[in-house]
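Residue numbers (my numbering): 520 to 899.
Backbone N, C-alpha and C fix where the C-beta goes; we use that ideal spot for every residue, glycine too.
This structure is a prediction, so every number in the text was calculated from the model and none was measured.
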């Protein structure tokens, strides 16, 4: 990693020489938050995280999508079990999360007031960054408003290194940052790479999904629910000394003994250089302050128990809380979606442009709610 350290140091020195380095400092101080209230098991609020209600007009519209109208209103309950959400542990409805959000809103209001560099950075933001950095075993953390913007920011920052060092000119091809990206990476990563490619700051190489031999050859995934081959990636990182950046949006708080994500699960935290995540999934938030509690570990255990339960029930090769089933054509996906609605489940088909044509699929997110009520619907 000596080469990367030298590149980053040179880029930082260039920014400093142009007086462009900035630091975020809290402009509003608050006393440290009290420890969150925890519970030994599910509470009534957990039901709100796994059930939704649809108005009759919306439900009928969804049932009619892609099919010929029968002229008769179907008898389908308006209450559905949520299989399409990724609030894995139901924390969005947790009293401690809602209480913290209300407390912050009362103290600071709902608006950001300005960017983090100007006047939008508070003690709460700093506490969240410090907590997440400790969870991921990293030295620092930077909050972003969305997972999409986080991936875009990483790609833009990496690409800017070559422009900073080129000093007043477009970097030559041999001076550009080489980016190696999995073929099934999230759209936010792809868009970020395309942006810096158009700015002639990086040279991008796409390797076949999880194909480490193809990646090795080039040196000389979300929707699918499988893990990247971390052990093999780490070996290649040690071999070539590249910067390893991962998107752990679905792993944070779900994977690993302490919820540290996929790197903790595969015991390779020290080999991950940059980890990109989101607070809108297992953390149950969206751009808000969060105190990460490690007390209610039963939630994570329940999620993984359900993963194992569904694997044995369906005989599918399930290794993560995301279960992806490819159904092929759009017509087949819509037909399967209507069947899920009639069965009392909300599971939205994933259609183009999110996935390729004839690759329409369903991504089922296994969560902390009870599995027993779902057995009859998913049994083979």
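Where does residue i fall in DSSP's three states?
| i | result |
| --- | --- |
| residue 597 | coil |
| residue 793 | strand |
| residue 843 | strand |
| residue 868 | strand |
| residue 665 | coil |
| residue 577 | helix |
| residue 641 | strand |
| residue 546 | coil |
| residue 607 | coil |
| residue 675 | helix |
| residue 632 | coil |
| residue 565 | helix |
| residue 861 | helix |
| residue 688 | coil |
| residue 528 | helix |
| residue 622 | helix |
| residue 875 | coil |
Can you list, in chain order, the residues of its chain whose CB lies under 7 Å from that of residue i, leaving out five sequence neighbours each side?
| i | result |
| --- | --- |
| residue 743 | Residue placement at residue 743 cannot be trusted, given a pLDDT of 43 that sits under 50; what the coordinates show is reported in the next sentence. Cβ neighbours of residue 743 beyond the five flanking positions: 703, 843. |
| residue 567 | 612 |
| residue 679 | 720 |
| residue 728 | 701, 702, 703, 740 |
Please work out which residues of its chain come closer than 8 Å, Cβ to Cβ, to residue i, disregarding the five sequence neighbours upstream and downstream, and give them in chain order.
| i | result |
| --- | --- |
| residue 524 | none |
| residue 599 | 570, 571, 572, 573, 860, 863, 864, 865 |
| residue 700 | 708, 709, 712, 723, 724, 725, 726 |
| residue 516 | Look at the range of the chain in this structure, 520 to 899, and you will see that residue 516 is not part of it. |
Give every residue of the same chain whose Cβ lies closer than 6 Å to the Cβ of residue i, excluding the five residues on either side of it in the sequence, and list them in chain order.
| i | result |
| --- | --- |
| residue 677 | 696 |
| residue 780 | 767, 770, 771, 774 |
| residue 930 | Lying outside 520 to 899, the shown extent of the chain, residue 930 is not represented and no answer is given. |
| residue 536 | none |
Report yes if the CB atom of residue i is closer than 7 Å to the CB atom of residue j, and no otherwise.
| i | j | result |
| --- | --- | --- |
| residue 715 | residue 674 | yes |
| residue 648 | residue 660 | yes |
| residue 636 | residue 541 | yes |
| residue 791 | residue 782 | yes |
| residue 788 | residue 656 | yes |
| residue 763 | residue 756 | yes |
| residue 669 | residue 795 | yes |
| residue 857 | residue 582 | yes |
Identify the residues that DSSP records as bridge partners of residue i: which are they?
| i | result |
| --- | --- |
| residue 572 | 598 |
| residue 557 | DSSP, once it has assigned bridges, lists no residue as partnering residue 557. |
Counting only runs of 4+ residues fully inside the stretch 692–771, write out the alpha helix (DSSP H) ranges in chain order. The qualifying runs are 706–717, 731–738, 749–759.
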